[in-house]
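In this note's numbering, the protein residues as written are 678 to 853.
We put the beta carbon where it would ideally sit given N, CA and C, even for glycine.
In what follows, a single structure is set out as structure tokens and then discussed.
And the structure:
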């Protein structure tokens, strides 16, 4: 069971990196995705009403804690990138990098703690469903977004940054 938890933690970390980029672009999309996720999860677990309410409260609390840690990681990463660009001294960059690694540990611990709490709260079958849902939902979301992105870029090639013409490649109007 601990291997499953470690895999889930690793996957959640990878997902959070992807999802942060997605959500930073459209906060309303994040909220809608979270609502759909909760609805699908409750449907899958088929909990009694009281259990479902208790589950949702804890789930929302853990998601907020984990997102807060992820925001700290992102902020520290940006800080380090800025220091690297400024060519700051090695000691300062090293100290900030150590802080980032510590934040990563805290982030991963929060995810592990979340799974431990739900393991004690749910039946073994529902806990397994919960862990698998967390893994599959993010993968499916990523697949759907990539499909949508591909479809949009085929309709309008200028939406795909790789296909955009560089200013020097664009035809310049001829002057008379």
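task = Alpha carbon to alpha carbon, how far is residue 792 from residue 808? Give it in angstroms, no decimals.
result = Between the C-alpha atoms of residue 808 and residue 792 there is a straight-line separation of about 8 Å.
query = At what residue ranges does the region 706-777 contain a whole run of the alpha helix (DSSP H), taking only runs of 4 or more?
reply = For the region 706-777, whole alpha helix (DSSP H) runs of length 4 or above, ordered along the chain, are 726-762.
Length of the line joining the Cα atoms of residue 771 and residue 799 = So the alpha carbons of these two residues sit roughly 42 Å apart.
task = Confirm, please, whether the CB-CB distance from residue 810 to residue 721 is below 8 Å.
result = Yes, the Cβ-Cβ distance between residue 721 and residue 810 is below 8 Å.
message = Pairs of beta-carbons, one from the region 744-752 and one from the region 710-726, closer than 8 Å: are there three or more?
response = Judged by pairs of C-beta atoms under 8 Å, the region 744-752 does not touch the region 710-726, as fewer than three such pairs exist.
key: Candidates 744, 706 and 767: closest to residue 787 by CA position   = Cα-wise, what sits closest to residue 787 is 744.
For residue 818 and residue 739, the rounded distance between their alpha carbons = Cα-Cα distance, rounded: 20 Å.
query = Near residue 773, which residues of its chain fall below 8 Å by C-beta distance, leaving aside the five closest residues on each side in sequence?
reply = The beta carbon of residue 773 sits closer than 8 Å to the beta carbons of 753, 756, 757 and 760 from its chain, once the five residues preceding and following it are set aside; these are given in chain order.
inquiry  = What does the Cβ neighbour count give for residue 797, buried or exposed, with the cut at 16 atoms within 10 Å?
reply    = Residue 797 is exposed by the Cβ-count criterion.
task = Give the range of the alpha helix (DSSP H) segment to which residue 803 is assigned.
result = It spans 801-832 - the alpha helix (DSSP H) in which residue 803 sits, taken as one unbroken run.
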